[in-house]
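J.:
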Amino acid sequence: MHGTMMKKLLCAGAIALAALAPLAQAEEKKTFNLAWTIYVGWMPWKYADESGIMKKWADKYGIEVNISQINDYVESINQYSASQFDGVVATSMDALSIPAAGGVDTTALIVGSYSNGNDGLVMKGTDDLKQIKGQQVHLVELSVSHYILAKALDSVGLSEKDVKVVNTSDADIVAAFSTADVRNVATWSPLLQEVAAAPDAHQVFDSASVPGHVKDLLIVNSETLADNPAFGKAVTGAWYEVMAIMASDTPEGAELRAQLGAASGTDQAGYEAQLKGTHMFFQPAEAVAFISGEPAHEAMDSVRKFSFDHGLLGDGADSADFVGIDMPAGALGDQGNLKLRFDTRYMQMAADGAL
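Residue numbers for the sequence shown, in mature numbering (1 follows the signal peptide of the UniProt record, and there is no 0): -26 to -1, 1 to 329.
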C-alpha cells in the first residue's frame, strides 16, 4: 500500500493550481474537509468519522469537519494542493515533493506513525545484499520503495548506479517476482509479506533499519490552521481519542482493529500484523518527542536530498535547499521559501490534556 501511494504523478496543471490556490482564501470558517486513503496508519480516520468521535470534537469547537475517503492517494494530495481539502494524509516525502514543492504552505499537524518494517527489499536465491550489484530491481519508481532501495544500497557501500531500476506497477510486483527473470523487488506490506514468503526469497533490508524515515502524517494548509485554531484542536483531539481506543487491550479496541482490518481488505489478525511493521504514536507526547529529536531531523534531511536528486522538487529547484522545512530540531533549506512546517503545538496540547 505504501509504495502505491508514492507514485509521482504531478501534472503541470496540478502544480499551477497548487501554487496559486492557497494564496487566495485562508480565513475564519466553520466547515472543513479532510481526505484519507487506505493504509494501516491512516485507517483510524475512518473510525473517527464513522464512530462519531470526529463530530463530537467538532461540536465542542463549534465547527464541522467532513472526512472523505479517496481511492487515489496522489490525486487526493493534488486535490488538497488545489484547496479542495483543508487537510490530507501523506508521507513526509510526498508532503515535501507535492504540495510544499508546488508552493502550498503546509503544516504537519499530526505525526501519526512511521514505517518500521512495512517497506522492504527482497532478493531471490541469496541473503547477501552485496550480490545485488549489477542486477535489476523491480519497484514503483520514485516511491518510498525506491527510497528504501537507495538506503539499502548505501548500507553496503553501493549506490543506485550499481543496479538497474525497473519501474513496475504495484499490481504486478507479486506476479513478477514469481517469474524466473525477476530476482529482486522492493515493495510494501502486504505485498512485502507475499513476496518474502515465496520459495528461496530473502528479505535483506526493510524500513526498520531506517526508523523514522517514512513518516505518516496528517498535513493541513498552514494559513487555514493559523486562521482557525479550532480546526487544529478538534482534529487532534479526535485522533488521539481514537488512538487510545486502538491501543487498548479491550473489546472496544479489538472491535476497532477488526473493523479497520475488514475495511482495508483483510481481518483483525491481518491488520494487527501490519501494525507490527508500523510504529504508531498512540501517545501524543511520544509523537512530539520523536519529531523534536535529532534522528527525525536527520531523516528529513535524507528524504529531501533523495527528493532533489530524483527531480521530485520540480524543475525550478537548484538544490535540496529549494524548499524550506521548519522542524523543532532546526530549520532545513531556504527559510525564504518555507513551505513545510512540523508544528508540535496541537499534539502538545493533547499531551497536556489542554484540548
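For every residue, glycine included, the Cβ atom is placed at its ideal position computed from N, Cα and C.
Say whether the region 61 to 69 touches the region 178 to 191, bearing in mind that this needs 3 or more beta-carbon pairs closer than 8 Å, one atom from each stretch.
T.: Contact between the region 61 to 69 and the region 178 to 191 is present, because at least three Cβ pairs lie under 8 Å.
J.: Please specify which runs of the alpha helix (DSSP H), each continuous and at least 4 residues long, are wholly inside the region 39 to 94, giving them in chain order.
T.: 47 to 55, 66 to 69
J.: Let me make sure I understand the geometry here. Which of Gln177, Gln242, Lys30 has the alpha-carbon closest to that of Val14?
T.: Locating residue 14 in the sequence shown gives position 40, counting from the first residue. Here the closest residue by C-alpha is Gln242.
J.: Let me check understanding here. Comparing Cα to Cα, which of Asp46, His271, Asp201, Ala291 lies closest to Phe6?
T.: As a first step, residue 6 is located in the sequence shown; it is residue number 32 there, counting from the start. Of the listed residues, the one whose Cα sits closest to Phe6 is Asp201.
J.: Should the region 153 to 167 be called in touch with the region 247 to 261, which here means at least 3 C-beta pairs below 8 Å?
T.: yes
J.: Would you check if the distance between the CB atom of Thr210 and the CB atom of Met321 is smaller than 8 Å?
T.: Taking the first residue of the sequence shown as 1, we reach residue 210 at position 236. Taking the first residue of the sequence shown as 1, we reach residue 321 at position 347. Their beta carbons are under 8 Å apart, which means Thr210 touches Met321 by this criterion.
J.: What did DSSP end up calling Asn195 once you bin it into helix, strand or coil?
T.: Counting from 1 along the sequence shown, the entry for residue 195 is found at position 221. Correct three-state label for Asn195: strand.
J.: Who are the near neighbours of Glu215 in its chain, counting only those whose CB is closer than 6 Å to its CB and skipping five residues on each side?
T.: Stepping through the sequence shown from its first residue, residue 215 is reached at position 241. Cβ within range, chain order: Ile27.
J.: Can you check which of these residues, Asp136, Asp174, Val139, is closest to Thr153 by C-alpha distance?
T.: The count along the sequence shown starts at 1 and reaches residue 153 at position 179. Ranking Asp136, Asp174, Val139 by Cα distance to Thr153 puts Asp174 first.
J.: Should Lys135 be labelled buried (16 or more other beta-carbon atoms within 10 Å of its own) or exposed?
T.: Walking along the sequence shown from the start, residue 135 turns up at place 161. Looking at its Cβ environment, which holds fewer than 16 other Cβ atoms inside 10 Å, Lys135 is exposed.
J.: Return the CA-CA distance between Ser196 and Leu8, expressed in angstroms with no decimal places.
T.: Translated into the one-based positions of the sequence shown, residue 196 becomes position 222. Translated into the one-based positions of the sequence shown, residue 8 becomes position 34. Ser196 and Leu8: Cα-Cα distance of roughly 14 Å.
J.: Looking at the unbroken alpha helix (DSSP H) that takes in Thr240, where does it start and where does it end?
T.: As a working mapping, residue 240 is identified with position 266 in the sequence shown. Taken as a continuous stretch (DSSP letters only), Thr240 belongs to no alpha helix (DSSP H), as it is neither H nor E.
J.: Using the Cα positions of Asp289 and Phe205, report the straight-line distance between them to the nearest angstrom.
T.: Position 315 of the sequence shown, counted from the start, is the residue given in the question as residue 289. Position 231 of the sequence shown, counted from the start, is the residue given in the question as residue 205. Whole-angstrom Cα-Cα distance: 34 Å.
J.: What residues in its chain sit with their C-beta under 6 Å from that of Phe264, if we drop five residues either side in the sequence?
T.: Taking the first residue of the sequence shown as 1, we reach residue 264 at position 290. Around Phe264: Ala270.
J.: With respect to the alpha helix (DSSP H) encompassing Ile299, which residues constitute its N-terminal and C-terminal limits?
T.: Counting from 1 along the sequence shown, the entry for residue 299 is found at position 325. First-last for Ile299: 298 to 300, but that is the beta strand (DSSP E), not the alpha helix (DSSP H).
J.: Closest to Ala172 by C-alpha separation, out of Thr100, Ala126, Ser181, would be which residue?
T.: Indexing the sequence shown from 1 puts residue 172 at position 198. The residue with the shortest Cα to Cα distance from Ala172 is Thr100.
J.: Just to confirm, is the Cβ distance from His253 to Asn40 under 8 Å?
T.: Within the sequence shown, the letter at position 279 stands for residue 253. Within the sequence shown, the letter at position 66 stands for residue 40. Result no, Cβ atoms of His253 and Asn40 do not sit closer than 8 Å.
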